[in-house]
Structures are given as C-alpha cells and as structure tokens.
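Okay, so here's the structure we're looking at.
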Ligand code: SF4
C-alpha cells in the first residue's frame, strides 16, 4: 500500500502524495483567549507540530482567528461544527484549512456555499466523519457493519465534494475503537486517492491514549496509510500530543527529529538509579535537534553489546561509569557524574560535528570495561540469552536449509502456516 496519490498544501505544508507524514495537534485553550492560545501554539510548534488546529465554536473565536493566523509560526486549521457561517468567516479570516463534518453543517447547500468560498480563497478543507455522528440513513448499516458504515459516510462526502468540483481536501475517519479505525482507514485508502488524516478519537490519558494511538496509527502508518496524524490525549498540554506523534513516526523510521533514546529494561544486575537517570537524560535531550541515538545500559556486565551502534551511551559498575560512543569507550567517570559527563561529550560532538575522543581516557575506559566483562563472563544476562536464542535460530535456519535442499517437499509453506510471517520454533 502506498501513500495517497493526491497532495494538498496547508499553509505551505504538503499533505499526501508521498510527502512526509505531517504532525498536527489541537489547542486546548479557549481560542478567543489570544495570549493563552498563542502561548500554546508556540509551545506545540517548538515541540515539532507542523500544523495546529483551533476550535471555532463561537463568533469571538472566529474574530480572534485572523490575529492567530497572522501570528502563528505554523499553519492554522479552523475546526468548525454545526455552523456554516463560522466556516465562511474562518476562510475570510485566512485560516490555512477548514475542518468540517459535511454531515452536521446544515445540508448540501450549506456545504456548497462553504466549498465555493474555500475555492475562491484557495483554502483546502478536511472533511471528516466520526463514529459518533454518522448520518441517519447509515445508522442501520452502522449496527450491522460499523466499518462499512464509516467508509460509506466518508465516500459519500467525497462524492459530494467531487460533484461540487472541489478536490482540495483531505479526509478523516475517526473512531474510538482501534480495530475499526484500522479497518476503515485501510478500506478507505483502497477506495479514494485523497490524503488521509489519522487519529483515534477520545483516545484517553497520556498513558492509555498514547498506547491506543501507537497501536492504531502505527499499524496504518506501517502499511503506508496516513498523511497527517493527530494524537488525542486528555491533557491540557497539547505539546504532549506532538511528542507522542513524533515518537510514533521516529519508531517507524518515517521521520527524524531530535535524539532517539534507548534504554535497557533493567534487571537485578542494575548498578545505578536508572529511573532517575533515564528521565533526566530524556529531559535534557529535548534541547537537542540532532538525530543522535543515546543508549543507557543499567550495568556493564555485557559490555556495550546491543548498544554498540549508539552514537553515545552510558553504563556503570562498582560506583563507576563509562561513556561510550559507537562501540568504543570514551572515558570512565565516577557514577554520580555520568549524566553530566555524557552531555559534555554530546556537546563536544555537536560543536565539532564529530565524536571527540581522548586516546588515554578511551583506553583506560576500554580496560575497565574489559575487566568487568571478564569478571562476569558466565552471567546469563537478558542480552546474552537473546544472543543465544538468535544463534540457536540461525542454527535452526541452517538445518532447515539443509533439509529443504535434500527434500523440497519438507519445506514449510509460510503462506499456509497459521503463524506465517512470525518467528516460531519447532521441537
Ligand atoms: S543485564 Fe541488561 S537489562 Fe540487566 S541491568 Fe544490565 S544492561 Fe540492563
């Protein structure tokens, strides 16, 4: 599945047609409260939002919109429900995009009026359907097949737009139900060429909402579906939504922004207060823009192991700690100086645009690490167990290759297997 075929541009940000997946969020302030709204917009822009949406439920909000659009560092989308006059005024106020649900704006004539104004102004639109507000004639279908009902509602709106000869829009289908969100967006992506906005409505708190969104949106994005995303979280801090969106995009390798932090899960071999150290590193890394990978290993028993690709990392043992970079020791430091020392090395890298290493300190660090590794050579750490499992799987694959070379009929039909595409082992 490829990204949408069509591309639209929202205030200079391309959406769809293979453009990078755009991150958006929505302010949680009363839009007409200009100082509060502008402060939040600046915060979300700093956190990496490409677009911001503001609710426009009242006259006072649409009056504030012109100033917001003028002062915002990122394009502004006006979110309108039920009132087509507000949509017209939002377009007049210069909104970079207007989001509306054609089903609740007062009938096709009013939609046509908004579309005519949008066309004249060159304003793109987002048309969306929500599982909670499908048109009446689809209620029966919704009970029988909620996914088909959502997709039908969306495609009916698309047809209405096409009849009005307006194609400057993106489409969203939103549901509180993760499987329905996945299934309906997959189906919609097959049926229409327009860019898709993804989101899970009312996803929940920072914790549960982030997880639901990661599963729902991550699944679709991994399939190449979705051109812009919003993570809906029950928090007044809209920048948290932006951070989650970025983590999802970074995890899928779809976009890069700022450092990537990796950390071991910890176990009984832990040698320092990882909870505090990881949280502090994460907080301090927010100030950096380079996509550096930073690893935190709770002990040096395994050496640098799986973190050897990290641009920078720390590990510790016996009140001491090691700063390492790309598989090489940089220097040994007292454990209570680990975090500060790590950032000294990162800052040197950012300034010099290369890892700066001192030969003497590096060989002292390497010796320290080798001694710790030798001392603990017999320890079955999670990393060593994983390495052993991987080696066993390789052996098994080699055995299988041998069997299949000897006897083609013994090959496993991955397609027919109930665990096709997954790792599994046989005794
Ligand atoms: S053995 Fe692995 S999981 Fe346990 S503390 Fe050390 S690095 Fe972390």
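Numbering (our numbering), first residue to last: 14 to 440.
Backbone N, C-alpha and C fix where the C-beta goes; we use that ideal spot for every residue, glycine too.
Practice task
Decide if residue 323 is buried, meaning its Cβ has at least 16 other Cβ atoms within 10 Å, or exposed.
Solution key: Walking along the chain shown from the start, residue 323 turns up at place 310. Residue 323 should be labelled buried.
| task | My understanding is that residue 284 touches residue 326, with C-beta atoms under 8 Å, so please give their C-beta distance in whole angstroms. | result | As a working mapping, residue 284 is identified with position 271 in the chain shown. As a working mapping, residue 326 is identified with position 313 in the chain shown. Not a contact, Cβ separation roughly 14 Å.
Quick one: what does DSSP say residue 325 is sitting in, helix, strand or coil? Numbered from its first residue, the chain shown carries residue 325 at position 312. Strand.
| field | Proximal residues to residue 205 (C-beta, below 6 Å), its chain only, five neighbours per side dropped | value | Counting from one through the chain shown, the residue named residue 205 turns up at place 192. Closer than 6 Å at the Cβ level, and outside the excluded window around residue 205, lie 171.
Cβ distance (whole Å) where residue 69 is taken to contact residue 99 below 8 Å
Counting from one through the chain shown, the residue named residue 69 turns up at place 56. Counting from one through the chain shown, the residue named residue 99 turns up at place 86. Between residue 99 and residue 69 the Cβ distance is about 5 Å, and since that is below 8 Å, they are a contact.
*asked:* Check whether chain D comes within 8 Å of residue 94, counting only Cβ atoms and requiring the distance to be less than that.
replied: The chain inventory of the structure shown lacks chain D, comprising one protein chain alone.
So, for residue 160: in the same chain, excluding its five sequence neighbours on each side, which residues have a beta-carbon less than 6 Å away from its beta-carbon? Translated into the one-based positions of the chain shown, residue 160 becomes position 147. In the same chain as residue 160, and ignoring 5 residues on each side of it, the C-beta atoms closer than 6 Å to its own belong to 193, 196, 197, in chain order.
Would you give the residue range spanned by the beta strand (DSSP E) that residue 237 belongs to? Indexing the chain shown from 1 puts residue 237 at position 224. It is not in any beta strand (DSSP E) - residue 237 carries neither H nor E in the DSSP assignment.
Quick check on the DSSP output: what are the complete alpha helix (DSSP H) runs of length 4 or more inside the segment 124-151, in order along the chain? Note on the segment 124-151: there is no whole alpha helix (DSSP H) run with a minimum of 4 residues.
### Message
I want to check one thing, is the minimum distance from the CB of residue 311 to the heavy atoms of the ligand SF4 below 7 Å?
### Response
Here residue 311 corresponds to residue number 298 of the chain shown, with the count starting at 1. Residue 311: yes, Cβ under 7 Å from the ligand SF4.
Margin query: Measuring alpha carbon to alpha carbon, tell me which residue in 313, 388, 371 is nearest residue 333.
Written below: Taking the first residue of the chain shown as 1, we reach residue 333 at position 320. Checking every option, the nearest Cα to that of residue 333 belongs to 313.
Distance, residue 393 Cα to residue 342 Cα | As a position in the chain shown, residue 342 is number 329, starting the count at 1. As a position in the chain shown, residue 393 is number 380, starting the count at 1. If I take the Cα positions, the gap works out to 23 Å.
| request: Reducing DSSP to helix, strand and coil, say where residue 269 ends up. | output: The sequence position of residue 269 within the chain shown is 256, counting from 1. Coil.
Next item on the list: Closer than 6 Å by C-beta to residue 54: which residues in its own chain qualify, once you throw out the five before and the five after it? Chain order, please.
Entry: Taking the chain shown and counting its residues from 1, the one referred to as residue 54 is at position 41. Closer than 6 Å at Cβ, skipping near neighbours: 65, 85.
Let me confirm a value: residue 18 is counted as buried when at least 16 other C-beta atoms fall within 10 Å, else exposed. Which label applies? Numbered from its first residue, the chain shown carries residue 18 at position 5. Label assigned to residue 18: exposed.
Checklist entry - Would you call residue 371 buried or exposed, if buried means 16 or more other Cβ atoms sit within 10 Å of its Cβ? => result The residue you call residue 371 lines up with position 358 of the chain shown. Exposed, by the Cβ-count rule.
Three-state secondary structure assigned by DSSP to residue 52 = Position 39 of the chain shown, counted from the first residue, corresponds to residue 52. Here residue 52 carries a helix assignment [DSSP, helix/strand/coil].
Indicate, with yes or no, if the ligand SF4 has a heavy atom lying under 7 Å from the CB of residue 290.
On the chain shown, position 277 is the one that residue 290 refers to. Not under cutoff, so the answer is no.
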